[in-house]
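So the sequence lines, in the order shown, correspond to chains A and B.
Residues in the first sequence are numbered consecutively from 36, following my numbering.
Residues in the second sequence are numbered consecutively from 36, following my numbering.
Every residue gets a Cβ at the ideal spot worked out from N, C-alpha and C, and that includes glycine.
In this text, all values refer to a predicted model and were calculated from it rather than measured experimentally.
2 protein chains.
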Amino acid sequence: MKISSKARYAIQSMLQLAMQVDSKPLTLADLTQQQNISSSYLEQLLASLRESGLVVGVRGPGGGYRIATDVADISIADILMAVHERHLKRPKKSSYGMSIYNDMWWDLSERIQEFLSQISIADLMDREDVQLYLHQQRLFKDVPLSDSQTDIQRKRA
Amino acid sequence: MKISSKARYAIQSMLQLAMQVDSKPLTLADLTQQQNISSSYLEQLLASLRESGLVVGVRGPGGGYRIATDVADISIADILMAVHERHLKRPKKSSYGMSIYNDMWWDLSERIQEFLSQISIADLMDREDVQLYLHQQRLFKDVPLSDSQTDIQRKRA
DNA sequence: ACAATTCCCGATAAAATTAGTCAAGAATAG
DNA sequence: CTATTCTTGACTAATTTTATCGGGAATTGT
Numbered sequence: 036m037k038i039s040s041k042a043r044y045a046i047q048s049m050l051q052l053a054m055q056v057d058s059k060p061l062t063l064a065d066l067t068q069q070q071n072i073s074s075s076y077l078e079q080l081l082a083s084l085r086e087s088g089l090v091v092g093v094r095g096p097g098g099g100y101r102i103a104t105d106v107a108d109i110s111i112a113d114i115l116m117a118v119h120e121r122h123l124k125r126p127k128k129s130s131y132g133m134s135i136y137n138d139m140w141w142d143l144s145e146r147i148q149e150f151l152s153q154i155s156i157a158d159l160m161d162r163e164d165v166q167l168y169l170h171q172q173r174l175f176k177d178v179p180l181s182d183s184q185t186d187i188q189r190k191r192a
Numbered sequence: 036m037k038i039s040s041k042a043r044y045a046i047q048s049m050l051q052l053a054m055q056v057d058s059k060p061l062t063l064a065d066l067t068q069q070q071n072i073s074s075s076y077l078e079q080l081l082a083s084l085r086e087s088g089l090v091v092g093v094r095g096p097g098g099g100y101r102i103a104t105d106v107a108d109i110s111i112a113d114i115l116m117a118v119h120e121r122h123l124k125r126p127k128k129s130s131y132g133m134s135i136y137n138d139m140w141w142d143l144s145e146r147i148q149e150f151l152s153q154i155s156i157a158d159l160m161d162r163e164d165v166q167l168y169l170h171q172q173r174l175f176k177d178v179p180l181s182d183s184q185t186d187i188q189r190k191r192a
C-alpha cells in the first residue's frame, strides 16, 4: 500500500520517541541517524507534529523532542493529519449529478479514517520483538545500583 | 483522511462503470462529465486500470470502457495499486539498527493493505440510496416493452 | 556572564509526482 | 467508407515532496 514517505518518516519518528524509556528527549540528530533522511527535512515534519500537539520540543543541552501524551492516545490518523494538513481540501459538493458517487467516496473516506483512528502507537508497540527490545533497554538503564559510576557507563554504550 | 485525487478519480470512475446497468460501455466523455477533470488525464488513469485488468476498452462507435470482472472481486486496494504502481519502492532493509521501527512500519502497512483489500466495489454499492438509484435506472431501461420506439426514448434522457 | 547545545523559523531550490494538453494511429460499428 | 472511440506517446504545467542554508531563541553548565 502506498503511503507517502513523508508519512513514513513521521510515523517512524513517533515510534522512536514513543519507545524512549522514561521519555528522555531525542535530538534531531538521534532521530535522523535511524532513518536515512536529512535532518532539516525531519525538522519540518517535527514542527508539524509539534503544532498538532503530538510532540514537545525541549531546547538547550540535553534537549530534543519528546512525545507529548500517552502513546495509547495517539493514532496513526492523528499523525497523518498532522503532516498532511493543508491537503484536506474537500471537493465542492453539488457538482451536477455526481452526488451518488461523491457520497460513496465520502463513505469510503470515513471508513478509512475510522480505521486509522483505531490504530494507536501503543498498538504498534504491542509486539513480542518490540516488547523484548524495550525490556532490554530498561534492564540496561536500571543497572546502576551501586551509585558510583552512573554516567561513565552510559558513555561507552 | 488524505488519499490522492488521482486515487479518487480512479475509484469514482470504477464506481461509475460498476453501476452501469447491463455493463454497457461508458465513453471517456461520459466518465469525465461527472467528475470535473480533463478527459486526457482520465484517459491515462483508465489506461492503468486497463493494464491491471480492472477494465476493458471497447473501440469503435458504441464503445467505451467496461468493468472487467465481478464488482465483488475488485477491491479498493486493487484500484490504488493500479494507479500508483511505480510508487511502491520499498525502503532498503538492513539500514543499521532500525529494523525494529522498520518492522513496525511494515506491520502497519500490511494492516492497511489488508483492510483496503477487504473493501470491494460491491461493498460501496451496498447502500440504500445507491440501490434505489440502481433500481430506478433499471426500471427506466426495462420500459420499452412495446418494441416500437427503442432508441428514440433513450435519446431524450 | 559565557559558551555550547539544540530547538525554532524563514526563505529557497531541486526532484518527484500529479495534472493536463496535443496529435497521430488503430479498431470497429453501421 | 466514415464516424466514433479507444490507444499511444510525447510534452508541458502545477503541486507536493524532499532537501539545504543561515540566523535567532531558549536552556544548561561553568
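Asked, Found
"Quick check on ILE72(A): does DSSP put it in helix, strand or coil?", "coil"
"So VAL90(B) is in the beta strand (DSSP E); what residue range does that whole segment cover?", "90–93"
"Go through its chain and collect everything with a Cβ distance to ALA117(B)'s Cβ below 8 Å, but skip five positions before and after it.", "ALA45, SER83, LEU84, GLU86, SER87, LEU89"
"Should TYR76(A) be labelled buried (16 or more other beta-carbon atoms within 10 Å of its own) or exposed?", "exposed"
"Inspect the beta-carbon positions of VAL196(A) and PRO60(A) and report whether they are closer than 9 Å.", "Any property of residue 196(A) remains undetermined from this structure, which presents chain A solely from 36 to 192."
"Kindly indicate if chain A contains any beta-carbon less than 9 Å away from that of ILE46(B).", "yes"
"Take LEU63(A) and list the residues in its own chain whose beta-carbon comes closer than 8 Å to its own, dropping the five residues that flank it on each side.", "SER74, LEU77, GLU78, LEU81, GLY99, TYR100"
"Judging by CA-CA distance, which residue of TRP141(B), GLU145(B), LEU159(B) is the nearest neighbour of GLU146(A)?", "This sequence places Arg at residue 146(A); Glu is not what is there. It is LEU159(B)."
"Can you give me the start and stop residues for the beta strand (DSSP E) that ILE109(B) sits inside?", "Looking at the DSSP string, ILE109(B) is not in any beta strand (DSSP E), and its letter there is neither H nor E."
"Let me know the secondary structure DSSP gives SER155(A) once reduced to three states.", "strand"
"How big is the Cα-Cα spacing for SER144(A) and PRO96(A)?", "43 Å"
"Rounded to a whole number of angstroms, what is the C-alpha to C-alpha distance between HIS170(A) and GLU163(A)?", "10 Å"
"For VAL137(B), count neighbouring Cβ atoms within 10 angstroms of its own Cβ and tell me buried if that reaches 16, exposed if not.", "Before going on, a small fix: residue 137(B) reads as Asn here, not Val. Counting Cβ neighbours within 10 Å, ASN137(B) comes out buried, since at least 16 surround it."
"So, under 8 Å CB-CB, VAL56(B) and GLN172(B) are touching, yes? Tell me the CB distance rounded to an integer number of Å.", "5 Å"
"Please classify SER130(B): is it buried, with 16 or more other beta-carbons within 10 angstroms of its beta-carbon, or exposed?", "No answer about SER130(B) holds up, because its pLDDT of 46 lies below 50 and its placement is not dependable."
"TRP140(B) touches chain A at which residues, Cβ-Cβ below 9 Å?", "ARG43, ILE46, GLN47, LEU50, LEU159"
"Within its chain, find whatever has a CB closer than 6 Å to the CB of VAL91(A); leave out the 5 residues flanking it on each side and keep chain order.", "ARG101, ALA103"
"Do you know how far the Cα of TRP141(A) is from the Cα of GLU149(A)?", "12 Å"
"Do you know how far the Cα of ASP108(A) is from the Cα of GLN68(A)?", "27 Å"
"Going by DSSP in three states, ILE147(A) sits in which element: helix, strand or coil?", "helix"
"By Cβ distance below 6 Å, which residues in the same chain neighbour ILE111(A) in space, the five residues on each side in sequence not counted?", "LEU151, ILE154"
"Rounded to whole angstroms, what's the CA-CA distance from LYS224(B) to SER40(A)? Just pull it up for me.", "What is shown of chain B runs 36 to 192, which leaves residue 224(B) out entirely."
"What's the C-alpha gap between GLN51(A) and LEU115(B)?", "29 Å"
"Less than 9 Å between CB atoms is the rule here; does ASP65(A) satisfy it with respect to chain B?", "no"
"Could you tell me which residues DSSP pairs with ARG85(A) in its beta bridges?", "For ARG85(A), which the question treats as bridged, DSSP gives no partner whatsoever."
"Sort ASP161(B), MET139(B), LEU66(B), ALA157(B) by Cα distance to ALA207(A) and report the nearest one.", "Here chain A has residues from 36 to 192 only, and residue 207(A) is not among them."
"State the DSSP-derived secondary structure class of ARG101(B), mapped to helix, strand or coil.", "strand"
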